[in-house]
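If you read the sequence shown in the numbering used here, its first letter stands for residue 572, the second for the next number, and so on. Just below is one structure, and these are the notes that go with it.
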Amino acid sequence: MKIILAPDSFKESLSAMEVCRAMAIGIQRVAPDAEIIELPLADGGEGTIQALIHATHGSMNTVQVIGPCGESISASWGILGDGRTAVIEMAQAAGLSL
572 MKIILAPDSF
582 KESLSAMEVC
592 RAMAIGIQRV
602 APDAEIIELP
612 LADGGEGTIQ
622 ALIHATHGSM
632 NTVQVIGPCG
642 ESISASWGIL
652 GDGRTAVIEM
662 AQAAGLSL
């Protein structure tokens, strides 16, 4: 049996990758011979960088940036697997949560 897992994140609790992993572990307990394919998704918001990095075998980087109130904060950005495409999440540096 082949099972494809393609969840989004559970907002503010689990990333899409964490949801995939938890689902896969549960399925393996009841169907140890199942072929499980994990494809974490994102809708353009929270978790999008991580899903793109995972899907393309890219890399994640962290850098210090200046936030909207002038303070230094950490923000993540990624390089996709092609080595040429960068992805950023502006909300980390200028979002409402700050």
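Think of the CB as a built atom: it goes at the ideal place given N, C-alpha and C, for glycine as much as any other residue. As the structure is a computational prediction, the values presented were derived from the model and not from experiment.
| Item | Value |
| --- | --- |
| What residue from G597, P578, I596, K582 has the CA that sits closest to M588's CA? | P578 |
| Since S630 and G649 should fall inside the 8 Å C-beta cutoff, what is the C-beta to C-beta distance between them, to a whole number of angstroms? | 7 Å |
| Grab me the residues of G652's own chain with a C-beta within less than 7 Å of its C-beta, minus the 5 sequence neighbours each way, in chain order. | T627, H628, G629 |
| Less than 9 Å between the beta carbons of S580 and G618, yes or no? | yes |
| Where A605 and I596 are concerned, what is the direct C-alpha to C-alpha distance, given to the nearest angstrom? | 11 Å |
| Which residues does DSSP pair with Q635 in a beta bridge? | S645 |
| In angstroms, rounded to a whole number, what distance separates the CA positions of D614 and P603? | 31 Å |
| Quick check: is the beta carbon of G652 nearer than 9 Å to any beta carbon in chain E? | Of the chains in the structure shown, none is chain E; there is only one protein chain. |
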